[in-house]
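Asker:
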Amino acid sequence: MRSSLTARLLGLSLLVMLCTVTATTWLTVQSTTREVRQEYSQGFAGDGLIVDAVLEYAAENTTWTGVTPLLTNLSQYVDRQIVLTGTDGTFLASSDGTQPELPARELAPVDPLHAAGEGGGIDPRAVGPYRLTPEEQTLAAARINTATECMAGFGIDAAAVREGSGRFALTIRGAPTAQVADCYRTSGADAVTDKERAALRRLNDLTNACLGHADQPVVTVLPGFTWVLTAAAPAGLQPQRCIDDSRREQLRPYVAPPVQIYVIEQGTAPAVDLSRAGTLRIAGVSGLVLAAAFAVTLLVGLRLSRPLRALTRAVENGETRLPVRGGDEIGRLTAAFNDLSARRETVERQRRSMVSDIAHELGSPLTNIRAWLQAARDGVAEADRELLDLLADEAALLHHVIDDLRDLAAADAGRLRLHPEPVYVNELLGQVVVAHQGRADSITITLDADGDPEAVLDPTRVRQAVGNLVSNAVRYSPPGGTVTVRSRVDGDDLVIEVADAGSGIAEDDLPHVFERFWRADLSRSRHTGGSGLGLAIVRNLIEAHGGTVTATSRAGHGSTFTIRLPASLA
Ligand code: ADP
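Structural data, given as structure tokens:
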């Protein structure tokens, strides 16, 4: 199982998947947790809204009793539960009316008299006794309008901004001029109501008391909480702190007491979610992904290895032909296997026929020799010179076959070593012609050379090859016939032809002439001393030179054998 392709594929992909899923999960959890924490610490966008709304309520109301509807509204908007407690932690109100367990950290403390910002931290909406009645507000709006119009008549760009008390503050582009003061005064915008005047007087008393000058005022607080020092003021007096404190003291009964706001996440809080259920959910999903990937890989692995298993089974069962499916790697492997099987079969067939051929080739002359020797010993045949010649011929044939076999075996084993050297081709061919002419009585062998090429080749092996062709040509030519040996250079090739006008080779036989032990006419060739290995040897020798040998023939009109050598011409 461990060595199975599917198992290994499965193991490998599981390992990869496990690493990927673990790394991804870890990264996701890490980055999400970090982001949630960051967002949590920075506060949600809704936090500012909650604080501001509660601050406004505190500035305009004296108690917290009616705050619940506001909290409920806010809670729906920010999707979180909101709880108010006193500064000592006592429960005051919550958005859903219940008293939940409070988170460890409050969102913000709320006190309209100690808020952030200008004006000594007093929320501008906390106006207490300075608030104008609706009628007074309408009048103030009309007057400030007249004032800005008057200023516009002087080309002064002034804008009125409504404040918490219902009064308007003026903002003027550029430096204030005498005309601004005039317009302000003539419009009546500077008029102070009785209530305001009384409140200012009280603030004045409180401030002077704070400064330790209750009896003899050192500072006069003006509308808008600006101030001027009186003649009795000591030099360098800084009354601002006392003014702010006195304002707080004056406003305290008009605003709600300080509180703490708590905000609780509704449902599942993201931080908790990630650490427990969230992590479990991620683990579950990762497990599912792993299981799915496992199943897919198993299926793919089995599908992939199926043809391989079929191939193995077929080989084990001794089959040699397998159906090739598709052009993929396995298809090509199957095709290669079929090819290999076919070649192995051919080689096996050749080996078997070669063994039986050799037995036959060596057996026939030996049988003849034995028969003649037996006849001579029994006195049936006379042991004269004729018999001895016959025996010598048979022995020579045996020798011939064995020599040829040795050459072929050497070529097959790759032991056929070539010793190339520059050779004058015509000289080499001349030697072959002369050697064979001596043995062929009535047959004329001619050399027809075109030029005098010098080529690099193994002269012994080429002489042997051409010699085999010439001896065949002589053997299959009628008495008085002619054998022609031609040589020429064709491009980079050296071409040697051996042509005869003898018996020729039938068209059906031509493809077989270079096979070992193949003979067109068994009795005739045997009679003429052929081993049936001559052309096979020629082909081996020429192919060892990197060349080719081919035959053309017409039965009854002779044959031509052509050797083509890529001899690097010297
Ligand atoms: P062998 O020793 O029998 O000649 P080869 O291998 O040389 O064996 O030749 C194989 C067969 O090819 C011969 O038996 C013969 O039938 C045929 N053959 C070869 N050369 C010629 C040729 N020049 N003319 C006609 N037949 C030939």
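Residues in the sequence shown are numbered from 737 upward in steps of one, following my numbering. C-beta atoms are modelled at their ideal positions from N, C-alpha and C, and glycine is treated no differently. On a predicted model such as this, the values are computed, not experimentally measured, just so you know.
Do you know how far the Cα of Leu-751 is from the Cα of Val-772?
Answerer: Locating residue 772 in the sequence shown gives position 36, where the first residue counts as 1. Locating residue 751 in the sequence shown gives position 15, where the first residue counts as 1. Answer to the nearest angstrom: the Cα atoms are 31 Å apart.
Asker: Hey, could you find the ends of the beta strand (DSSP E) Pro-845 is sitting in?
Answerer: Looking up residue 845 in the sequence shown gives position 109. Element bounds for Pro-845: 844-846.
Asker: Among Leu-947, Thr-1220, Gly-1216 and Val-1202, whose alpha-carbon lies nearest the alpha-carbon of Arg-1275?
Answerer: Residue mapping note: residue 1275 aligns to position 539 of the sequence shown, counting from 1. Of the listed residues, the one whose Cα sits closest to Arg-1275 is Val-1202.
Asker: What are the start and end residues of the beta strand (DSSP E) that includes Val-896?
Answerer: As a position in the sequence shown, residue 896 is number 160, starting the count at 1. The residue asked about is misnamed: residue 896 is Ala in this sequence, not Val. Ala-896 -> beta strand (DSSP E) spans 894-898.
Asker: Since Arg-867 is in the beta strand (DSSP E), which residue starts that stretch and which ends it?
Answerer: Taking the sequence shown and counting its residues from 1, the one referred to as residue 867 is at position 131. Here Arg-867 belongs to no beta strand (DSSP E), and DSSP marks it neither H nor E.
Asker: What's the C-alpha gap between Asp-1129 and Glu-1081?
Answerer: Here the question's residue 1129 lines up with position 393 in the sequence shown. Here the question's residue 1081 lines up with position 345 in the sequence shown. Their backbone Cα atoms lie some 37 Å apart in a straight line.
Asker: Measuring alpha carbon to alpha carbon, tell me which of Asp-1245, Arg-1061, Arg-1300 and Leu-1271 ends up nearest Leu-1193.
Answerer: On the sequence shown, position 457 is the one that residue 1193 refers to. Answer by Cα proximity: Arg-1300.
Asker: Under the criterion of a Cβ to heavy atom distance below 6 Å, does Leu-1144 qualify as lining the ligand ADP?
Answerer: What you label residue 1144 is simply residue 408 of the sequence shown in a count that begins at 1. False, no ligand heavy atom lies under 6 Å from that Cβ.
Asker: Which full runs of the alpha helix (DSSP H) of 4+ residues lie inside the region 1100-1170, going along the chain?
Answerer: Runs of the alpha helix (DSSP H) inside the region 1100-1170: 1121-1148.
Asker: Under the DSSP definition of a beta bridge, which residues are partnered with Gln-996?
Answerer: Walking along the sequence shown from the start, residue 996 turns up at place 260. In the DSSP output, where bridge partners are listed per residue, Gln-996 has Thr-821 and Pro-845.
Asker: Quickly, what does DSSP pair Phe-1297 with across the bridge? List them, please.
Answerer: Your numbering for residue 1297 matches position 561 in the sequence shown. Its beta-bridge partners are Val-1234 and Ala-1287.
Asker: From Gly-972, Leu-763, Val-955 and Ala-829, pick the residue whose C-alpha is nearest to that of Val-964; which is it?
Answerer: The residue you call residue 964 lines up with position 228 of the sequence shown. Nearest option by C-alpha distance: Val-955.
Asker: Three-state secondary structure (DSSP) at Ser-901?
Answerer: Here residue 901 refers to the residue found at position 165 when the sequence shown is read from its first residue. The answer is coil: DSSP assigns Ser-901 none of H, G, I, E or B.
Asker: With Ile-1181 as the anchor, note down where its beta strand (DSSP E) starts and where it stops.
Answerer: The count along the sequence shown starts at 1 and reaches residue 1181 at position 445. First-last of the beta strand (DSSP E) with Ile-1181: 1180-1185.
Asker: Does the Cβ of Ala-1132 have 16 or more other Cβ atoms within 10 Å, making it buried, or fewer, making it exposed?
Answerer: Here residue 1132 refers to the residue found at position 396 of the sequence shown. That one is exposed.
Asker: Tell me which residue opens and which closes the alpha helix (DSSP H) that Ser-1041 is part of.
Answerer: Numbered from its first residue, the sequence shown carries residue 1041 at position 305. Looking at the DSSP string, the run of the alpha helix (DSSP H) that includes Ser-1041 is 1015-1052.
Asker: Buried or exposed: where does His-1248 fall if 16 or more other Cβ atoms within 10 Å of its Cβ makes it buried?
Answerer: Walking along the sequence shown from the start, residue 1248 turns up at place 512. With fewer than 16 other Cβ atoms within 10 Å, it is exposed.
Asker: With a Cβ-Cβ cutoff of 7 Å, do Ala-925 and Ile-892 count as a contact?
Answerer: For this step, residue 925 is matched to residue 189 along the sequence shown. For this step, residue 892 is matched to residue 156 along the sequence shown. Not in contact: Ala-925 and Ile-892 (Cβ atoms no closer than 7 Å).
Asker: Measuring only the C-alpha atoms, how far is Thr-742 from Thr-1070?
Answerer: In the sequence shown, residue 742 corresponds to position 6, counting from 1. In the sequence shown, residue 1070 corresponds to position 334, counting from 1. Between Thr-742 and Thr-1070, the C-alpha separation is close to 19 Å.
Asker: In angstroms with no decimal places, state the Cα-to-Cα distance between Arg-817 and Asp-832.
Answerer: The residue given as residue 817 occupies position 81 in the sequence shown. The residue given as residue 832 occupies position 96 in the sequence shown. First, the amino acid is wrong: residue 817 is Gln here, not Arg. When rounded, the distance between both Cα atoms is 7 Å.
Asker: Would the beta-carbon of Arg-1255 be found less than 6 Å away from any heavy atom of the ligand ADP?
Answerer: Residue 1255 sits at position 519 when you count from the first residue of the sequence shown. Yes, the Cβ of Arg-1255 comes within 6 Å of a heavy atom of the ligand ADP.
Asker: Compute the beta-carbon to beta-carbon distance between Arg-984 and Leu-849, rounded to the nearest angstrom, for a pair I have assumed lies under 8 Å.
Answerer: Taking the sequence shown and counting its residues from 1, one reaches residue 984 at position 248. Taking the sequence shown and counting its residues from 1, one reaches residue 849 at position 113. Going by Cβ atoms, the distance from Arg-984 to Leu-849 rounds to 5 Å, so yes, they are a contact pair.
Asker: Is the number of C-beta pairs between the region 1131-1145 and the region 1168-1186 that are closer than 8 Å three or more?
Answerer: Judged by Cβ distances under 8 Å, the region 1131-1145 makes no contact with the region 1168-1186, as fewer than three pairs qualify.
Asker: I'd like to confirm the pairing. Which residues does DSSP put opposite Thr-907 in its beta bridges?
Answerer: The residue you call residue 907 lines up with position 171 of the sequence shown. Looking at the DSSP assignment, Thr-907 forms a beta bridge with Ala-895.
Asker: Count the other C-beta atoms from every protein chain shown that fall within 10 angstroms of the C-beta of Thr-826, then say buried if there are 16 or more, exposed otherwise.
Answerer: Here residue 826 corresponds to residue number 90 of the sequence shown, with the count starting at 1. Its Cβ having fewer than 16 others within 10 Å, Thr-826 is exposed.
Asker: Cβ-heavy atom distance between Leu-1193 and the ligand ADP below 6 Å?
Answerer: Against the sequence shown, residue 1193 aligns to sequence position 457. Outside the cutoff, so no.
Asker: In terms of alpha-carbon separation, which member of Ile-1105, Ala-794 and Thr-764 lies closest to Leu-1127?
Answerer: By one-based count along the sequence shown, residue 1127 stands at place 391. Of the listed residues, the one whose Cα sits closest to Leu-1127 is Ile-1105.
Asker: Considering only heavy atoms of the ligand ADP, does any lie closer than 6 Å to the CB of Ile-1179?
Answerer: The sequence position of residue 1179 within the sequence shown is 443, counting from 1. False, no ligand heavy atom lies under 6 Å from that Cβ.
Asker: Residues in the same chain with beta-carbon distance under 6 Å from Pro-959, minus the five sequence neighbours each way, listed in chain order, please.
Answerer: Within the sequence shown, numbered from 1, the residue matching residue 959 stands at position 223. Counting only Cβ-Cβ distances below 6 Å, and skipping sequence neighbours, we find Val-928.
Asker: In or out: Pro-1101 buried (at least 16 other Cβ within 10 Å) or exposed?
Answerer: Here residue 1101 refers to the residue found at position 365 of the sequence shown. Buried, by the Cβ-count rule.
Asker: Kindly indicate which three-state DSSP category Ala-1191 falls into: helix, strand or coil?
Answerer: In the sequence shown, counting from the first residue as 1, residue 1191 sits at position 455. Looking at Ala-1191 - three-state DSSP - the assignment turns out to be strand.
Asker: From what residue to what residue does the alpha helix (DSSP H) around Thr-943 run?
Answerer: Counting from one through the sequence shown, the residue named residue 943 turns up at place 207. Here the alpha helix (DSSP H) through Thr-943 covers 930-946.
Asker: Do you know offhand how far Pro-870's Cα is from Ser-767's?
Answerer: Numbered from 1 along the sequence shown, position 134 holds the residue referred to as residue 870. Numbered from 1 along the sequence shown, position 31 holds the residue referred to as residue 767. Whole-angstrom Cα-Cα distance: 55 Å.
Asker: For Leu-750, name the three-state secondary structure that DSSP assigns.
Answerer: For the purposes of this step, residue 750 is taken as the residue at position 14 of the sequence shown. Here Leu-750 sits in helix by DSSP.
Asker: How would you label Pro-975, buried or exposed, when you count the other beta carbons within 10 angstroms and need 16 or more for buried?
Answerer: Working through the sequence shown from its first residue, we reach residue 975 at position 239. Per the 10 Å Cβ criterion, buried.
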